[in-house]
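Participant: One structure, as structure tokens, below. Some questions next.
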Amino acid sequence: MTSRNTPPRRLGVAGLGTVGAALIKLVTARGDFAPSGDRVVISGVCARARMAPRGADISAYAWFDDPVALARSPDIDIFVELIGGSEGAARAAVEAALNAGKPVVTANKALIAHHGAALAALAEAKGVPLFFEAAVMGGTPAVKLVRESLVAERIQSIAGILNGTCNYILSEMERSGSSFGQVLKQAQALGYAEADPTTDIGGFDAAHKIVILAALAFGGAPDWGAAEVEGLEGVELLDIRLAGDLGYRIKLVAAATRSAEGVSVRVHPTLLPLDHPLARADGALNALFIQGEHTGRMFIQGPGAGPGPTAAAVAADIADVLAGARRPVFQRPADQLSRDRAASPKALATKAYFRLIVRDEPGVIASVSETLAECGLSIDSFLQKHMPESVGEYAGGVPIVLTTHPAVELVIFDAIARIGALPAMITPPRMLRIANI
2 MTSRNTPPRR LGVAGLGTVG AALIKLVTAR GDFAPSGDRV VISGVCARAR MAPRGADISA
62 YAWFDDPVAL ARSPDIDIFV ELIGGSEGAA RAAVEAALNA GKPVVTANKA LIAHHGAALA
122 ALAEAKGVPL FFEAAVMGGT PAVKLVRESL VAERIQSIAG ILNGTCNYIL SEMERSGSSF
182 GQVLKQAQAL GYAEADPTTD IGGFDAAHKI VILAALAFGG APDWGAAEVE GLEGVELLDI
242 RLAGDLGYRI KLVAAATRSA EGVSVRVHPT LLPLDHPLAR ADGALNALFI QGEHTGRMFI
302 QGPGAGPGPT AAAVAADIAD VLAGARRPVF QRPADQLSRD RAASPKALAT KAYFRLIVRD
362 EPGVIASVSE TLAECGLSID SFLQKHMPES VGEYAGGVPI VLTTHPAVEL VIFDAIARIG
422 ALPAMITPPR MLRIANI
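In terms of my numbering, the sequence shown opens at residue 2 and continues consecutively.
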């Protein structure tokens, strides 16, 4: 244990948004949180604007206009990066801290997803830790679970709901019957979504997180370029209702799978059976489903964002630094990280949901069935519904919903293109994947 006479370890905190403010409050109230007995204090801070309103008093701390200068300061022992973004000030400051031989704790998923391998090599060369628990699922310890608790497990797949904004939007659309646009505005008013929500609803935030988890799960380097990303923009209230009629719920699922064909890392709207653990995660919750060779199926759920949970995850990493934790940044030393080939999306097999809006005329169903047969795609289930009164933009059309047996995506997309060209189609057909996790 550390002696009470040992000087406290000094933190430099770059980024004073809601998480930075929550961390300052946490450290101020309880700087002795670490089990090692070490105490921590805030020594220096940095943000875009010194006088901006924030929920924490920073008047007692040295102010830095430049996060790189803070990272290099001899008056800090641990650098905490809460700026965000994969480039610019965040990247430069983290690199500066590592080059100066300072441990780094970050909540920056974009930085780790894009540059994790290079930063891992730098951290290991300098002999200092780089921790990022708060980058994935906020206060729910997903990184520690995969990197440490399951270190001896051979993980086969990992899938989760990793963006609370998207999960809130889909849950609220189902609950209230409101459109995507209406619920997005509501989420922005409540602070769940940014003024520019592209990173969230475009699937990129979830993709950053699953890229990190895939690297940890499969012993590789983060490979952002191999991720297939599809956001929520095309999901309509009609699809949510029709999926429910079929016994499914639509979620934005981020998944990584290892197979003989390679590693697949994907984010897309997915139909999940109503009794699947991920389907039951509502609101802004995050959830993670892991399939292991020895442990079998594992599921965790918790807050994926928010200042309090995320600051607690940052503090947990700081505690590991104080305890002298030494391990590779990922599952293996940076020079030993595997470079498994990415599985071709076109070769992946999946079941699919097709939603068609067609003219109410004879022969339509027959022409759809013939087209599917020509493509070599077989139907698993079929549903024809009257158009809900609240979905007026498809007036005069009849929704046909069918699900397919598993097929490679090359076949599925070929079928969608051919069906879309049929004369009876009122709108382009909609395809969503059905989970096989």
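Don't be surprised by glycine CBs; every beta carbon is placed ideally from N, CA and C.
Taking the C-alpha atoms as reference points, what is the distance between Ser60 and Ala216?
Facilitator: Residue mapping note: residue 60 aligns to position 59 of the sequence shown, counting from 1. Residue mapping note: residue 216 aligns to position 215 of the sequence shown, counting from 1. Cα-Cα distance, rounded: 40 Å.
Participant: To the nearest whole angstrom, what separates the beta carbons of Ala324 and Ser37, a pair I think is in contact under 8 Å?
Facilitator: In the sequence shown, the residue the question calls residue 324 occupies position 323. In the sequence shown, the residue the question calls residue 37 occupies position 36. At roughly 5 Å, the Cβ-Cβ gap stays under 8 Å, so Ala324 and Ser37 are in contact.
Participant: If you draw a straight line from the C-alpha of Pro278 to the C-alpha of Phe34, how long is it?
Facilitator: Here residue 278 refers to the residue found at position 277 of the sequence shown. Here residue 34 refers to the residue found at position 33 of the sequence shown. Spanning the two alpha carbons is a distance of roughly 33 Å.
Participant: Using the C-alpha atoms, what's the distance from Gly248 back to Ala335?
Facilitator: Taking the sequence shown and counting its residues from 1, one reaches residue 335 at position 334. Taking the sequence shown and counting its residues from 1, one reaches residue 248 at position 247. If you take the alpha carbons of Ala335 and Gly248, they lie about 44 Å apart.
Participant: Could you check which residue in Val412, Gln385, Pro407, Val369 has the C-alpha nearest to that of Lys347?
Facilitator: Here residue 347 refers to the residue found at position 346 when the sequence shown is read from its first residue. Minimum Cα distance to Lys347 is reached at Val412.
Participant: Going by other Cβ atoms of all chains shown within 10 Å of its Cβ, with 16 needed for buried, is Arg431 buried or exposed?
Facilitator: As a first step, residue 431 is located in the sequence shown; it is residue number 430 there, counting from the start. The residue is buried, with at least 16 neighbouring Cβ atoms inside 10 Å.
Participant: Just to confirm, are Leu99 and Ala143 a CB contact at a threshold of 8 Å?
Facilitator: Looking up residue 99 in the sequence shown gives position 98. Looking up residue 143 in the sequence shown gives position 142. Going by C-beta atoms, Leu99 is not nearer than 8 Å to Ala143.
Participant: Leaving out the 5 sequence neighbours to the left and right, which residues in its chain are closer than 7 Å to Glu237 when beta-carbon positions are compared?
Facilitator: Residue 237 sits at position 236 when you count from the first residue of the sequence shown. Within the same chain, Glu237 has close Cβ partners Phe181.
Participant: Given a cut-off of 8 Å on the beta-carbon distance, is the pair Val264 and Ala255 in contact?
Facilitator: Taking the sequence shown and counting its residues from 1, the one referred to as residue 264 is at position 263. Taking the sequence shown and counting its residues from 1, the one referred to as residue 255 is at position 254. No.
Participant: From Arg342 to Ala124, what distance separates their C-alpha atoms?
Facilitator: Counted from its first residue, the sequence shown places residue 342 at position 341. Counted from its first residue, the sequence shown places residue 124 at position 123. Each residue's alpha carbon lies about 25 Å from the other.
Participant: For the alpha helix (DSSP H) that contains Thr200, what are its first and last residues?
Facilitator: Walking along the sequence shown from the start, residue 200 turns up at place 199. Segment 199-202, the alpha helix (DSSP H) holding Thr200.
Participant: Suppose the cutoff is 7 Å on Cβ atoms and the five residues either side in sequence are ignored; what does the same chain contact list for Ala57 look like?
Facilitator: The residue labelled residue 57 in the question sits at position 56 within the sequence shown. Taken in chain order, the residues that qualify are Ala22, Ile25, Lys26.
Participant: Taking the continuous beta strand (DSSP E) assigned at Met299, which residues delimit it?
Facilitator: As a working mapping, residue 299 is identified with position 298 in the sequence shown. From DSSP, the beta strand (DSSP E) with Met299 extends over 297-304.
Participant: How big is the Cα-Cα spacing for Ala244 and Ala160?
Facilitator: Looking up residue 244 in the sequence shown gives position 243. Looking up residue 160 in the sequence shown gives position 159. Computed Cα separation, rounded: 20 Å.
Participant: Tell me the DSSP secondary structure of Pro130 in three-state form.
Facilitator: The sequence position of residue 130 within the sequence shown is 129, counting from 1. Residue state, collapsed to three classes: coil.
Participant: Consider the C-beta atom of Pro329 and the heavy atoms of the ligand ADP; say whether any pair is separated by less than 7 Å.
Facilitator: Of the ligands one can find in the structure shown there are none, so the ligand ADP has no counterpart to examine.
Participant: Give the straight-line distance between the Cα atoms of Ala480 and Gly364, rounded to the nearest whole angstrom.
Facilitator: With the chain covering only 2 through 438, there is no way to say anything about residue 480.
Participant: Please state the DSSP three-state secondary structure of Phe355.
Facilitator: Sequence index remark: in the sequence shown, residue 355 carries index 354 (1-based). If DSSP states are grouped into helix, strand and coil, Phe355 belongs with the strands.
Participant: Report the rounded CA-to-CA distance for Val106 versus Ala119, giving the unit in angstroms.
Facilitator: Taking the sequence shown and counting its residues from 1, one reaches residue 106 at position 105. Taking the sequence shown and counting its residues from 1, one reaches residue 119 at position 118. Cα to Cα, Val106 sits roughly 16 Å from Ala119.
Participant: Taking the straight line between their C-alpha atoms, what separation do you get for Gln187 and Tyr193?
Facilitator: What you label residue 187 is simply residue 186 of the sequence shown in a count that begins at 1. What you label residue 193 is simply residue 192 of the sequence shown in a count that begins at 1. Distance between the alpha carbons of Gln187 and Tyr193 is about 9 Å.
Participant: Straight-line CA distance for Ala101 to Leu12?
Facilitator: Taking the sequence shown and counting its residues from 1, the one referred to as residue 101 is at position 100. Taking the sequence shown and counting its residues from 1, the one referred to as residue 12 is at position 11. Roughly 14 Å between the two C-alpha positions.
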